[in-house]
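First up is the structure itself, then whatever we jot down about it.
There are 2 protein chains.
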Amino acid sequence: MSARIITISRQFGTGGHTIGQKVAEKLGLPFYDSELVTKIAEKSGFDASFIKENAERTSSVSGFFYDMGIHGSSYMPMSLYDQLYITQHNIIRELAEKESCVIVGRCADYILEDRNDTLNVFIYADNDYRAKYILETYGDNGKKIEKRIKDKDNTRASYYRHYTNREWGDPLNYQLCLNSGYIGAEKCVDIIVQVAQGK
Amino acid sequence: MSARIITISRQFGTGGHTIGQKVAEKLGLPFYDSELVTKIAEKSGFDASFIKENAERTSSVSGFFYDMGIHGSSYMPMSLYDQLYITQHNIIRELAEKESCVIVGRCADYILEDRNDTLNVFIYADNDYRAKYILETYGDNGKKIEKRIKDKDNTRASYYRHYTNREWGDPLNYQLCLNSGYIGAEKCVDIIVQVAQGK
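So this is what it looks like as structure tokens:
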């Protein structure tokens, strides 16, 4: 049996997007990263640029989103971020139901955790490697590179914690964690394909 | 270039010892796990059974061991655990200097972190897999299996935290983290060998 759905969680500046894309190419599967934005825009009516900016951000509403189920009877205004998360959640569930695919980010590992046909991967790297990668790929935006890395890590970790009550990057949430700076992107792709095909 | 030293950190009941042993066999390298006990016994004069029992335990001395360097002038009695750690630390440093090898546990990833020829691997698995593995491999010892797993995790995490001031199982301490229950022991061995040879 092969893993039907591969989810890729990735630190910023580790090449996780490209690794996911190449895994999808090698396995002949549809690939969803920013492609999800279009789907979310269609479904939610939100503007694509708003989604792109906020798809991995949380609201400032205190308490976890999942608490809403528990306290369903009490009034809690739903933020735009939460509406965005719900739309995204439903789209990811529908995609997984419909087809085999590769999905990057957006808590997909958590959203699909009740399925037994997923392979969840975490891509990370040392900060030196990430700094070099970010400057080469996205250029210098005037902000200190250490701060760019830290801000993105904090945003993604908060988003993941907020909606899943789990820790982003805890190996127990994934079946495979790869340091792309050490292993190399190409070899990461190979390993993910091997493990996906071995299931 | 190949990685000269492979360190394997492993949760109890994940087959990490056997995986390390097979990696060593495939690469034709010496393998050190309980083999270190004999070396430590020779060097320290401690009894082998005492070492086996306590080699991954910490003393109750408050404050981290590494503080001793900072507060070198103040008196702090050194516990047997710390003496054991120092002996172990020196043996691991000497081994790495002398030969290419595979080392299981004992903070080897941290002890050798200044080297650039190591591959650090973390082997983990879901608790259901571990429970089955432990009962099949070590048998039932009358203690609840959940407690056996929790106790071992706590001991290893405390030991690692005490001597390294880092979190055991944090992917950033390793270059490769593999869920052996999902991936399978044989495939884990393959992946480690591929990554080690790819460097």
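Keeping their order, the protein sequence lines are chains A and B.
Every number in our numbering is 523 more than the matching position in the first sequence, counting from 1.
Every number in our numbering is 523 more than the matching position in the second sequence, counting from 1.
The C-beta atom is built at its ideal place from N, Cα and C for all residues, glycine as well.
Residue from the options whose Cα sits closest to the Cα of residue i
i	options	result
B:E636	B:N613, B:Y656, B:N696	B:N696
A:I531	A:E669, A:G721, A:Y633, A:L607	A:Y633
A:Y652	A:S525, A:Q534, A:D605, A:E617	A:Q534
A:V627	A:T541, A:I714, A:A526	A:T541
B:N677	B:G665, B:N664, B:G692, B:D663	B:G692
A:I528	A:N650, A:R679, A:E620, A:I714	A:E620
A:L727	A:N650, A:E622, A:G662, A:E669	With chain A running from 524 to 722 in the structure shown, residue 727 of chain A is simply not present.
A:R638	A:A654, A:N650, A:K655, A:E617	A:E617
A:Y656	A:H612, A:G707, A:T641, A:N613	A:G707
A:E669	A:Y661, A:G662, A:N650	A:N650
Cutoff 6 Å; reference residue i; Cβ partners in own chain excluding five residues on either side
i	result
A:K566	T610
A:K545	V712
A:C700	F645, P694
B:A648	T537, N702, S703, G704
A:N643	T530, D632, Y697, Q698
A:G539	I531, R533, I646
B:I615	A631, I634
B:A571	V560, A564
A:V625	I529, G543, V546, A547, L552, F554
B:I714	none
A:I710	Residue 710 of chain A is actually Lys in this sequence, not Ile. Once the five neighbours on either side are set aside, A:K710 has no close Cβ partner at all.
B:Y661	none
Close Cβ partners of residue i (< 8 Å) along its chain, the five nearest in sequence each way excluded
i	result
A:L607	I563, S567, F569, I574, N577, A578
A:R689	Y633, Y683, N696
A:N664	R671
B:A654	G536, I668, E669, I672
A:S726	Chain A is shown from 524 up to 722; residue 726 of chain A falls before or after that span and cannot be answered.
B:L658	I668
Beta-carbon contacts of residue i that lie in its chain and below 7 Å, excluding the five residues immediately before and after
i	result
A:T687	C630, Y633
A:L550	V716, A719
B:A526	D640, T641, L642, A719, K722
B:H612	I634
A:H594	Any answer about A:H594 is weak, because its pLDDT of 41 lies below 50 and its placement is not dependable; what the coordinates show is given next. Correct list: empty, nothing qualifies.
is_contact[residue i, chain D] using C-beta, thresh 8 Å
i	result
A:N643	This model lacks chain D altogether; the protein chains it does include are A and B.
Are at least three pairs of beta-carbons, each pair with one atom in the stretch 545 to 563 of chain B and one in the stretch 669 to 687 of chain B, less than 8 Å apart? no
What are the residues in the stretch 702 to 720 of chain B lying within 9 Å of chain A by C-beta distance? N702, G704, Y705, I706, G707, K710, D713, I714, Q717, V718
Closer than 7 Å, Cβ to any Cβ of chain B: which residues of the stretch 632 to 651 of chain A, in chain order? F645, Y647
When Cβ atoms are compared, which residues of the stretch 685 to 700 of chain A fall closer than 7 Å to chain B? G692, P694, L695, Q698, L699, C700
Quick one: complete beta strand (DSSP E) runs, 3+ long, within the stretch 612 to 658 of chain B? 624 to 627, 641 to 647
In chain order, each alpha helix (DSSP H) run of at least 4 residues that lies wholly inside the stretch 544 to 584 of chain B: 558 to 567, 571 to 577
Enumerated in chain order, which unbroken segments of the alpha helix (DSSP H) with a length of 4 residues or greater are wholly contained in the stretch 653 to 696 of chain A? 668 to 687
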